[in-house]
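For the sequence shown, position 126 matches number 281 in this note's numbering, and the numbering has no gaps at all.
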Amino acid sequence: MKLTFLGANRQVTGSRYCLEANGARIMIDCGLVQERAFQDRNWERCAIDPKSFSALLITHAHIDHIGLVPKFVKDGFHSTIYATHPTVALADVMLRDSAKIQTEDAEYKKRRHRKEGRRGRHPEVPLYVVDDVVKALPLFEGVDYLDPVRIAKGITATWHDAGHILGSAMVEIAVTEDGQTRTVLFSGDIGQPNKPLISDPSTFQHADYVIMESTYGERDHVKEGDVENQLEEIIRETVGRGGKVVIPVFAVERAQELMYYVSRLVHADRIPDIPIFLDSPMASDVTKIFRKHRNWLDDETRELISSKEPPLQFPGLRITRSQEESMTINRLNTPCIIMAPAGMCNAGRIKHHLRLNIGKDQSTIVFVGHQAKGTLGRRILDGEREVRILGRTRRVYAKIKSIDGLSAHADRSGLIDWLSHLETPPRRLFLTHGEEDASLALARTIRDRLGWEATVPEYGAVVDLDDEPVERTVQIAEPKSVAFDASALADNAAVAGADATVAAGPPAPDFEFFDSSIRPGTGFLHEDPWRVFRMQSDTIQGIDVMARALEGTRRSVAVFGSARLPEEDPVYVLAREMCRRLGECGFATITGGGHGIMEAANRGARDAGALSIGLNIDLPHEQALNAFCDVSYTCRYFFVRKMLFAKYARAFVIFAGGYGTMDELFEALTLIQTERLAGFPVILVGSDYWNPLVHWLRATMYSHGCISETDLSRFVVLDSPEELVTALETCISSNGDTPVETGESSPREAAEA
Ligand SMILES: [Zn+2]
């Protein structure tokens, strides 16, 4: 018995193994390689003649397990492809989609390369087209779980539920040679227990040889089971900023699983009423497959599907099939949730949504699945500041989040647990389907915890299973059909080179800062000839937002305080209560939009149904916007924010505690001393804390002539909500309720006039 590793070795994608026994050759999985660094392998002719195989056994319908099937058939494979019934149905949808992506990518590359006057790494033809898929599909034959299928003489295969996606399986192959039966277990992708929709992964008491995935071989998922809360928080925050929530999803399973979680949030009224798009023509097809194969789902889901709150349908959900429908999402200017494939952002409609949202700091990109090395998704998740999307380098300003616990893969503990059901150690254990570090780390953990040896095979490794462990490497054929230009630089480098040529002339002006939705980030700190324009733009946009929100009145207060105080802190409670009271008296609350006291203040305003405004700053160390702002603006400059506070607030209210509050006090003083602004009270809440400080100010700043008596008289120290309301009403009646000017500051209003 001989096993050849033809993919997913020291990498995650491209699962493909050849098992030879009793004179028969069987391929297990035939996946597409998705990591950029290894994509050449998709173009290579299989090292073992495709015509010589007796069967192809499929574990599940993910593209990294089936994506090379059409090419395998094109290259000569003509035997039966066995897979579970749902996998057969899903493969039809997945492979057609994959062919379409291959075709579109080839056309796009052809155009781009022509424009850039260079040659790509691969031929500008699709790996396969829909026609090739149509030829491959009749070879599929559906099987049931736990129903042994005779594959060849002395070889049977049994599919066990892997709990990974609908119809996913672990394939157990029993080989009888010379009267002796040995089992070879291919784990496929091992699911997480207690997942919605699908059952828990099967376990085994015995296997002679185990080929096991190791995607999460080096770590455990954190905060597992907290998916709903994480999702709720991200959605509320993003909606608070007026942005879009963009979620790259795998069209199969992850999309449905997310729909399940979103449906729970919608049914429980935990997120605002916004449109939720599943932008994928495949989605409704796949959802139909889920419904048709409901017997393959877990008991709970079967019940839900027939209930009044089905998990895959809910108010607000729009499934977009056509390109035109997809475009309407782009034109939408209000918050929404967009789920679109591909899950690793390397293809599909998600690229268009990323193109439009990655430069917007209001929007959030949420990753819900494993991002393989070298994929666009991984680069974004790793925090790269610039990424290339659809042929253009784009800077990343959107918030990047990742939700744990949603993974369809078992984590390290799950993998060890799955393995430990074996009552005796397997004769050989091979770890595949994981990045090198993850696989090697898992091998070490297995040795430590179970005392078993595990091998992490190289691509092309051949193992004689009957012998003692000896490995050699088969020569993988050089791609013949590919006009590969060895002297060409890697795709990325070539692209960078092309850009450098363009950049040799005078730098092109960057007009993006005129667009409030694509404002550049912190790059200006280093070198920015457009700084003055950006300041201007920041000022104008900030004034525009504030003028519109307050609609000409100036009945608002700016609240300052520590961002670190938790919800249960008495000062947090007081701040929330005070702003609720102010809200009831018709005052809007303006804060820095962050957490702690700012959140308490925004929350209090919202409790009263009053306007709640957050002006945060787009710098890495600044807080993300809290979830309680009705209107928000992300300032680029601190001085702009301070100016907006001073211009639009009737008073500054500063709460006790924290490092920043003394700064606020001094900055308030500085602003007052300009005498260009209407004098406003600086209300210091918490007499125990502030009285000694005011005394100190008098003894130092005042006695040294830095501030005047008038300046000092601005400070009002108080403790209770009642005192605060009274102080504000007094100050307003003495100053008159003058509206703030709005007109000339707003470019939009000026344009309309
Ligand atoms: Zn998978």
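Idealized CB from N, CA, C, for every residue including glycine. This structure is a prediction, so every number in the text was calculated from the model and none was measured.
Can you name, in chain order, every residue of its own chain whose Cβ lies under 7 Å from the Cβ of residue 422, other than the five neighbours on each side? As a working mapping, residue 422 is identified with position 267 in the sequence shown. For residue 422, where only same-chain residues beyond five positions count, the Cβ hits under 7 Å are 464, 469.
Contacts around residue 810, its chain only, beta-carbon distance under 8 Å, and the 5 residues preceding and following it disregarded: Taking the sequence shown and counting its residues from 1, one reaches residue 810 at position 655. Excluding positions up to five away in sequence, the list reads 714, 715, 716, 717, 726, 729, 730, 752, 816, 840, 841.
What is the chain-ordered set of residues for which the beta carbon lies under 5 Å from any non-hydrogen atom of ligand 3? Because ligand 3 does not appear in the structure shown, any question about it cannot be addressed here, the ligands present being ligand 1.
Kindly provide the ranges of any alpha helix (DSSP H) runs that are 4 or more residues long and lie completely inside the segment 277-342, ordered along the chain. 285-291
DSSP state of residue 491, grouped into three classes? As a position in the sequence shown, residue 491 is number 336, starting the count at 1. Three-state DSSP puts residue 491 in coil, outside helix and strand.
Assuming residue 689 and residue 880 are in contact, meaning their beta carbons sit under 8 Å apart, how far apart are those beta carbons, in whole angstroms? By one-based count along the sequence shown, residue 689 stands at place 534. By one-based count along the sequence shown, residue 880 stands at place 725. Not confirmed; about 39 Å, so no contact.
Per DSSP, what kind of secondary structure is residue 413 in: helix, strand or coil? The residue given as residue 413 occupies position 258 in the sequence shown. If DSSP states are grouped into helix, strand and coil, residue 413 belongs with the helices.
Local conformation of residue 395 per DSSP, three classes: By 1-based counting over the sequence shown, the position of residue 395 is 240. If DSSP states are grouped into helix, strand and coil, residue 395 belongs with the helices.
Would you check if the distance between the CB atom of residue 326 and the CB atom of residue 214 is smaller than 8 Å? Here residue 326 refers to the residue found at position 171 of the sequence shown. Here residue 214 refers to the residue found at position 59 of the sequence shown. Yes; because the gap between Cβ atoms is below 8 Å, this pair is in contact.
Nearest-angstrom Cα distance between residue 299 and residue 313? Counting from 1 along the sequence shown, the entry for residue 299 is found at position 144. Counting from 1 along the sequence shown, the entry for residue 313 is found at position 158. Taking the straight line joining both Cα atoms gives about 9 Å.
Closest Cβ-Cβ distance between residue 427 and chain D: below 8 Å? In the structure shown, chain D cannot be found, because there is only a single protein chain.
Please list, in chain order, all residues of the same chain as residue 664 whose beta carbon is under 6 Å from its beta carbon, the five residues on each side excluded. Translated into positions along the sequence shown, residue 664 becomes position 509. At residue 664 the pLDDT is 42, less than 50, meaning the model places this residue with poor confidence; the figure from the coordinates comes in the next sentence. Here the set comprises nothing.
Three or more C-beta pairs closer than 8 Å, one from the segment 433-447 and one from the segment 469-488: is that the case here? yes
Quick check: the Cα distance between residue 228 and residue 750, rounded to an integer number of angstroms? Taking the sequence shown and counting its residues from 1, the one referred to as residue 228 is at position 73. Taking the sequence shown and counting its residues from 1, the one referred to as residue 750 is at position 595. Cα to Cα, the separation comes out at about 57 Å.
Here's the rule: buried if 16 or more other CB atoms are within 10 angstroms of the residue's CB, otherwise exposed. What is residue 182? In the sequence shown, the residue the question calls residue 182 occupies position 27. When all chains shown are included, residue 182 counts as buried.
Does the Cβ of residue 585 have 16 or more other Cβ atoms within 10 Å, making it buried, or fewer, making it exposed? The residue labelled residue 585 in the question sits at position 430 within the sequence shown. Residue 585 should be labelled buried.
Would you identify the three-state DSSP class for residue 434, choosing helix, strand or coil? Translated into the one-based positions of the sequence shown, residue 434 becomes position 279. Note: residue 434 maps to strand in three-state DSSP.
Residue span of the beta strand (DSSP E) that contains residue 810, given as start and end: Locating residue 810 in the sequence shown gives position 655, counting from the first residue. Counting along the chain, the beta strand (DSSP E) containing residue 810 begins and ends at 806-810.
Rounded to whole angstroms, what is the Cα-Cα separation between residue 261 and residue 501? If you number the sequence shown from 1, residue 261 lands on position 106. If you number the sequence shown from 1, residue 501 lands on position 346. Each residue's alpha carbon lies about 14 Å from the other.
Limits of the unbroken beta strand (DSSP E) element including residue 172: Your numbering for residue 172 matches position 17 in the sequence shown. Counting along the chain, the beta strand (DSSP E) containing residue 172 begins and ends at 172-176.
Three or more C-beta pairs under 8 Å: does that hold for the segment 182-192 against the segment 209-225? yes
Provide the residue span of the alpha helix (DSSP H) that contains residue 531, from first to last. Within the sequence shown, the letter at position 376 stands for residue 531. 531-536 is the span of the alpha helix (DSSP H), which, as asked, contains residue 531.
Considering only C-alpha positions, which residue in the set 756, 795, 610 is nearest to residue 691? By 1-based counting over the sequence shown, the position of residue 691 is 536. Answer by Cα proximity: 795.
Using the DSSP secondary-structure output, state which residues sit across from residue 790 in a beta bridge. Reading the sequence shown from its first residue, position 635 is the one you call residue 790. Looking at the DSSP assignment, residue 790 forms a beta bridge with 772.
Do residue 176 and residue 407 come within 8 Å of each other at the CB atom, strictly closer than that value? Counting from 1 along the sequence shown, the entry for residue 407 is found at position 252. Counting from 1 along the sequence shown, the entry for residue 176 is found at position 21. No.
So the candidates are 592, 599, 582, 595; which of them puts its Cα closest to the Cα of residue 618? Stepping through the sequence shown from its first residue, residue 618 is reached at position 463. Minimum Cα distance to residue 618 is reached at 582.
With a 10 Å radius around its C-beta and 16 neighbouring C-beta atoms as the bar for buried, classify residue 370 as buried or exposed. In the sequence shown, residue 370 corresponds to position 215, counting from 1. So residue 370 counts as buried.
Compare the beta carbon distance of residue 544 and residue 513 with 8 Å and say whether it is the shorter of the two. Position 389 of the sequence shown, counting from 1, holds the residue named residue 544. Position 358 of the sequence shown, counting from 1, holds the residue named residue 513. Yes, the pair counts as a contact, with Cβ atoms nearer than the cut-off.
Mark residue 802 as exposed unless 16 or more other C-beta atoms lie within 10 angstroms of its C-beta, in which case mark it buried. Taking the sequence shown and counting its residues from 1, the one referred to as residue 802 is at position 647. That one is buried.
Residue 368 - partner residues in DSSP beta bridges: Your numbering for residue 368 matches position 213 in the sequence shown. Partner(s): 587.
For the alpha helix (DSSP H) that residue 199 lies in, which residues bound it at each end? As a first step, residue 199 is located in the sequence shown; it is residue number 44 there, counting from the start. Where residue 199 is concerned, there is no enclosing alpha helix (DSSP H), given that its DSSP letter is neither H nor E.
Could you check what DSSP says for residue 159 in three-state terms: helix, strand or coil? As a working note, residue 159 is residue 4 in the sequence shown. Reduced to three states, the DSSP call for residue 159 is strand.
Give the straight-line distance between the Cα atoms of residue 356 and residue 573, rounded to the nearest whole angstrom. Residue mapping note: residue 356 aligns to position 201 of the sequence shown, counting from 1. Residue mapping note: residue 573 aligns to position 418 of the sequence shown, counting from 1. Going from the Cα of residue 356 to the Cα of residue 573 covers about 8 Å.
For residue 231 and residue 205, believed in contact at Cβ under 8 Å, the rounded distance: Here residue 205 is taken as the residue at index 50 of the sequence shown, counted from 1. Here residue 231 is taken as the residue at index 76 of the sequence shown, counted from 1. Correct: roughly 4 Å between the Cβ atoms.
In its own chain, which residues sit with a C-beta less than 7 Å from the C-beta of residue 481, not counting the 5 before and 5 after it? On the sequence shown, position 326 is the one that residue 481 refers to. Excluding positions up to five away in sequence, the list reads 434, 475, 504.
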